[in-house]
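What follows is one structure encoded as structure tokens, with my remarks underneath.
Okay, here's the thing in structure tokens:
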């Protein structure tokens, strides 16, 4: 059974204070790992896809990296508008479903 | 461009009542799915469809029914609501089955008393 564990559950940062979110996963044959952002009262919004260990993707202040057991979402010099819940999901060999973690709730204070 | 539209946004039901959550997308996506999101559980797949006339079960299908008569619409039916079905429901679509880049609706918050 595919499993995704995200840590920490919640993270408070000051504006400009860089940090990383962790996503540990167990899947028999990773087809892809995905990061989403979810704002309160909204549906998740796609950020990145990572397919193989060593791969990196960047978007503005966010950079996602992937190893064989975990993924990191690095946030450089965050701003208050980066406050959201960040979700990690994996897709196994069948490709028919995503298994989501519970998310990390990020708050960036001005 | 509306994307994925869900209705209603909020609903309160009594135990045993039935209802349908509506989902429509205007992106001509083949793949559509329903997830529920509960505190401490993450998003869990209920049912999905890879095209009109084709549906399949996800991780937590019991108590829910779906059909897909058109590419655009994918309604989720609660047959006899139970308090355990209190949740936030999200409809999501993508251009094909194997992509994990899903487009989500804004959610429907359901409370079953």
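Residue numbers (this note's numbering), protein chains in the order written: chain A, 3 to 112; chain B, -15 to 97.
Cβ coordinates follow ideal geometry from the N, Cα and C atoms, glycine included.
CB contact below 8 Å: residue i versus chain B
i                     : result
residue 51 of chain A : yes
residue 54 of chain A : no
residue 99 of chain A : yes
residue 74 of chain A : no
residue 12 of chain A : no
residue 65 of chain A : no
residue 60 of chain A : no
Test item: CB-CB of residue i and residue j under 8 Å
i                      : j                      : result
residue 91 of chain A  : residue 101 of chain A : yes
residue 75 of chain B  : residue 84 of chain B  : no
residue 17 of chain A  : residue 81 of chain A  : yes
residue 31 of chain B  : residue 15 of chain B  : no
residue 108 of chain A : residue 32 of chain A  : no
residue 6 of chain A   : residue 97 of chain A  : no
residue 7 of chain B   : residue -12 of chain B : yes
residue 55 of chain A  : residue 68 of chain A  : yes
residue 59 of chain B  : residue 5 of chain B   : yes
Run of the beta strand (DSSP E) containing residue i, from where it starts to where it stops
i                     : result
residue 29 of chain A : No beta strand (DSSP E) holds residue 29 of chain A; DSSP gives it neither H nor E.
residue 22 of chain B : 15 to 22
CB contact below 8 Å: residue i versus chain E
i                     : result
residue 35 of chain B : Reference to chain E is not applicable here, since the protein chains of this structure are A and B.
Those residues which DSSP pairs with residue i across a bridge
i                     : result
residue 57 of chain A : The partner list for residue 57 of chain A (beta bridge, DSSP) is empty, contrary to what the question assumes.
residue 33 of chain B : B:16, B:39
Integer Cβ distance of residue i from residue j, believed to fall under 8 Å
i                      : j                     : result
residue 21 of chain B  : residue 72 of chain B : 5 Å
residue -10 of chain B : residue 92 of chain B : 5 Å
Short CB-CB distance (under 8 Å) between residue i and chain A
i                     : result
residue 14 of chain B : no
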